[in-house]
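To start, the structure under review is shown below, and the notes come after it.
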Ligand SMILES: Nc1ncnc2c1ncn2[C@@H]1O[C@H](COP(=O)(O)OP(=O)(O)OP(=O)(O)O)[C@@H](O)[C@H]1O
Ligand SMILES: [Mg+2]
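Numbering (our numbering), first residue to last: 243 to 692.
Listed below in structure tokens is the structure:
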């Protein structure tokens, strides 16, 4: 139930307000001066405090301060007689939501109270949203703290038109971050145009970005619009910006600074309204030192930076990503498969130098390779399964009996343990939980020696 505190020294006025809000179904408390109000604020929580400004025993400003100190989420409405509007403004500066000039009508105070409570509800909802953990954002999946930070940043930079630089190792999802920014921004309904600066030759990239006039160069048989023109009103994603040649960097700098450019072979100066998002896996600071990247361009594109974290720094995201890629792959391949229970542990232990892309590829490959309905360690590359070629083959070979499979695995486990401890038999026996003599027996049997 909504709890309201009314602070008013004039009894008739207090009675009237109590009736108005009681009729709305609110829980109404009344205090007749500042001191009583402060005591009541201390002992219970109110959604809304409506207080008179001038009262005996502590004025409305003190009530406001006490209410805000108890709970910043409490909304305060100040009532004041005409002529003290400066005080009302000061009250708002101190955190009051709004003020009412006396005399006011019932509908006026009802309206302001409703607005205040609506605001209160929105604030509470925002707090709640801030605290809920996001499992995904756009096409980005993951609920780790590192990804929460990325989601927060996307949300923060989205409304602006300032350039964003997305940094991160290969396969960390930089392109998905760029999409998420565009889709969250006011430009969402406008084009998102991507250019991979790494795959186009120097000559081509210029005409790709800025367009060209008919006859600008051999092969330019018609006029062509550049990506800057196509992205007008929307977002231009410059992927692998670290690969741009110095000549193109200069031209890009000019568009970013002046919003102006010319088509290749053209004389007409064109203007464009484009938000630029750039990405690179390179260390641009190093590239600047090596003089392969312009420092002034760096400062232009790096107004807002987002770092896509490598997968090894957020292993808690691996199971949900793996499950997502498994579902995707088994749907496209029409092969309903699941993971064996031990799979998640194996996948989570690996360092994933190729990040999410590598995980996606490994899962796809496993779906292709697996014979049965369950994906097992043998379906993984051996650097991930930790199985030797031999052991993996033994497990995958459907002609072998259970005994021979177990023997080959046993040999593999013993060999790995011995290797780990530098072939110290006493230590290996201890780890494996067998007597040293039986370890020696098995070593002989399996032909294991240093
Ligand atoms: N958090 C994530 N959730 C779901 N899919 C992801 C996530 N991160 C990356 N991916 C997937 O991994 C693959 C690589 O992502 P993306 O192309 O965005 O990486 P990148 O950082 O741009 O890599 P590169 O530097 O190699 O271009 C894509 O198929 C993408 O869909
Ligand atoms: Mg990319």
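Glycine residues also receive a C-beta, built at the ideal position from the N, C-alpha and C atoms. As the structure is a computational prediction, the values presented were derived from the model and not from experiment.
Identify, in the order they occur along the chain, each residue of the same chain with its Cβ nearer than 6 Å to the Cβ of residue 630, setting aside the five sequence neighbours on each side.
-> The residue you call residue 630 lines up with position 388 of the chain shown. So the list reads 654, once near-sequence residues are dropped.
By how many angstroms is the C-alpha of residue 262 removed from the C-alpha of residue 348?
-> Within the chain shown, residue 348 is the residue found at index 106, counting from 1. Within the chain shown, residue 262 is the residue found at index 20, counting from 1. Inter-residue distance for residue 348 and residue 262 is about 8 Å (C-alpha atoms, whole angstroms).
From residue 518 to residue 597, what does the alpha carbon distance come to, in whole angstroms?
-> On the chain shown, residue 518 is found 276 positions in, with the first residue counted as 1. On the chain shown, residue 597 is found 355 positions in, with the first residue counted as 1. Counting only the Cα atoms, residue 597 lies some 25 Å from residue 518.
Does the separation of the CB atoms of residue 466 and residue 449 fall below 8 Å?
-> What you label residue 466 is simply residue 224 of the chain shown in a count that begins at 1. What you label residue 449 is simply residue 207 of the chain shown in a count that begins at 1. Annotated as proximal: residue 466 and residue 449, with beta-carbon spacing under 8 Å.
C-alpha distance - residue 490 paired with residue 526, whole-angstrom precision | Numbered from its first residue, the chain shown carries residue 490 at position 248. Numbered from its first residue, the chain shown carries residue 526 at position 284. The straight-line gap separating the alpha-carbon atoms of residue 490 and residue 526 is approximately 16 Å.
Mind reading off the beta-carbon distance from residue 478 to residue 470? Whole number of angstroms is fine, and I expect it under 8 Å.
-> In the chain shown, the residue the question calls residue 478 occupies position 236. In the chain shown, the residue the question calls residue 470 occupies position 228. The Cβ separation is near 6 Å, so the contact holds.
Cβ atoms of residue 622 and residue 553: under 8 Å apart, would you say?
-> Your numbering for residue 553 matches position 311 in the chain shown. Your numbering for residue 622 matches position 380 in the chain shown. No.
Measure the alpha-carbon distance for residue 339 versus residue 281 and round it to whole angstroms.
-> Within the chain shown, residue 339 is the residue found at index 97, counting from 1. Within the chain shown, residue 281 is the residue found at index 39, counting from 1. Cα to Cα, residue 339 sits roughly 22 Å from residue 281.
8 Å Cβ cutoff met for residue 543 and residue 483 = Numbered from 1 along the chain shown, position 301 holds the residue referred to as residue 543. Numbered from 1 along the chain shown, position 241 holds the residue referred to as residue 483. Result yes, Cβ atoms of residue 543 and residue 483 sit closer than 8 Å.
On a CA-only basis, which of 656, 670, 664 is nearest residue 687? Give me that one, please.
-> Against the chain shown, residue 687 aligns to sequence position 445. That would be 656, whose Cα lies nearest to the Cα of residue 687.
Thinking just about the alpha-carbon of each residue, which of 626, 523, 485 is nearest to the one in residue 413?
-> Start at 1 with the first residue of the chain shown, and residue 413 comes out as number 171. Among 626, 523, 485, the Cα nearest to that of residue 413 is on 523.
Alpha carbon to alpha carbon, how far is residue 276 from residue 295? Give it in angstroms, no decimals.
-> The residue given as residue 295 occupies position 53 in the chain shown. The residue given as residue 276 occupies position 34 in the chain shown. For residue 295 and residue 276, the distance between alpha carbons rounds to 9 Å.
Hey, would you say the C-beta of residue 384 is under 7 Å away from at least one heavy atom of ligand 1?
-> On the chain shown, position 142 is the one that residue 384 refers to. Residue 384 Cβ: within cutoff of ligand 1.
At least three beta-carbon pairs within less than 8 Å, the stretch 414–430 to the stretch 374–382 = yes
DSSP state of residue 341, grouped into three classes?
-> As a first step, residue 341 is located in the chain shown; it is residue number 99 there, counting from the start. Correct three-state label for residue 341: strand.
Candidates 576, 565, 618, 594: which alpha carbon is nearest residue 584's?
-> Residue mapping note: residue 584 aligns to position 342 of the chain shown, counting from 1. Relative to the Cα of residue 584, the nearest Cα in the group 576, 565, 618, 594 belongs to 618.
Compare the C-beta of residue 647 against all C-beta atoms of chain B and say whether one is closer than 8 Å.
-> Given the protein chain composition of this structure (a single chain), no chain B is represented.
So residue 558 packs on residue 386, CB below 8 Å; how close in whole Å?
-> For this step, residue 558 is matched to residue 316 along the chain shown. For this step, residue 386 is matched to residue 144 along the chain shown. At roughly 5 Å, the Cβ-Cβ gap stays under 8 Å, so residue 558 and residue 386 are in contact.
How is the beta strand (DSSP E) around residue 517 delimited, first residue to last?
-> For the purposes of this step, residue 517 is identified with residue 275 of the chain shown, where counting begins at 1. Counting along the chain, the beta strand (DSSP E) containing residue 517 begins and ends at 517–522.
Roughly how many angstroms lie between the CA atoms of residue 659 and residue 563, to the nearest whole one?
-> Residue mapping note: residue 659 aligns to position 417 of the chain shown, counting from 1. Residue mapping note: residue 563 aligns to position 321 of the chain shown, counting from 1. Taking the straight line joining both Cα atoms gives about 31 Å.
For residue 283, which residues from the same chain have a beta carbon less than 6 Å from its beta carbon, with the 5 sequence-adjacent residues on both sides left out?
-> Counting from 1 along the chain shown, the entry for residue 283 is found at position 41. For residue 283, the CB contacts under 6 Å within the same chain, skipping 5 residues up- and downstream, are 308, 309, 312 in chain order.
For the 8 Å Cβ check, are there 3 or more pairs between the stretch 441–458 and the stretch 421–430?
-> no
Tell me whether residue 589 sits in a helix, a strand or coil according to DSSP, three-state version.
-> Your numbering for residue 589 matches position 347 in the chain shown. In the structure shown, residue 589 sits in a helix (DSSP, three-state: H, G or I).
Can you name the residues that DSSP bridges to residue 715?
-> One cannot answer for residue 715 here, as it falls past the ends of the chain, which runs 243 to 692.
Do residue 492 and residue 458 come within 8 Å of each other at the CB atom, strictly closer than that value?
-> Residue mapping note: residue 458 aligns to position 216 of the chain shown, counting from 1. Residue mapping note: residue 492 aligns to position 250 of the chain shown, counting from 1. Contact: no.
Residue environment, residue 327, which counts as buried when at least 16 other CB atoms sit within 10 Å = Against the chain shown, residue 327 aligns to sequence position 85. Residue 327 is exposed by the Cβ-count criterion.
Given a cut-off of 8 Å, decide if residue 407 and residue 520 are closer than it, judged by their beta-carbon atoms.
-> Working through the chain shown from its first residue, we reach residue 520 at position 278. Working through the chain shown from its first residue, we reach residue 407 at position 165. Cβ distance < 8 Å, so residue 520 and residue 407 count as in contact.
Beta-carbon proximity of residue 511 to residue 504, cut-off 8 Å = As a position in the chain shown, residue 511 is number 269, starting the count at 1. As a position in the chain shown, residue 504 is number 262, starting the count at 1. Yes, the Cβ-Cβ distance between residue 511 and residue 504 is below 8 Å.
Helix or strand or just coil, what does DSSP make of residue 579?
-> Residue numbering aside, residue 579 sits at position 337 when the chain shown is read from its first letter. In this structure, residue 579 counts as coil in the three-state DSSP scheme.
Residues near residue 346 by beta carbon distance below 6 Å, same chain, minus five either side = On the chain shown, residue 346 is found 104 positions in, with the first residue counted as 1. There are no such residues.
DSSP bridge partner residues for residue 504 (one or two, in chain order) | Taking the first residue of the chain shown as 1, we reach residue 504 at position 262. In the DSSP output, where bridge partners are listed per residue, residue 504 has 511.
So who's on the other strand from residue 438, going by DSSP bridges?
-> For the purposes of this step, residue 438 is taken as the residue at position 196 of the chain shown. For residue 438, which the question treats as bridged, DSSP gives the partners 481.
Does ligand 2 have even one heavy atom less than 7 Å from the beta-carbon of residue 340?
-> Along the chain shown, one-based indexing puts residue 340 at 98. Exclusion of residue 340 from the 7 Å shell around ligand 2 follows from its C-beta lying no nearer than that to any non-hydrogen atom of the ligand.
Would you kindly report the start and end of the unbroken alpha helix (DSSP H) that includes residue 416?
-> Here the question's residue 416 lines up with position 174 in the chain shown. Taken as a continuous stretch (DSSP letters only), the alpha helix (DSSP H) holding residue 416 covers 416–426.
Less than 8 Å between the CB atoms is what I'm expecting for residue 548 and residue 396, so what's the real figure, rounded?
-> Taking the first residue of the chain shown as position 1, residue 548 is located at position 306. Taking the first residue of the chain shown as position 1, residue 396 is located at position 154. 7 Å between Cβ atoms; contact.
Enumerate in chain order the residues of its own chain whose CB-to-CB distance from residue 287 is below 7 Å, with the five nearest sequence positions on each side excluded.
-> Here residue 287 refers to the residue found at position 45 of the chain shown. Answer for residue 287: 245, 313, listed in chain order.
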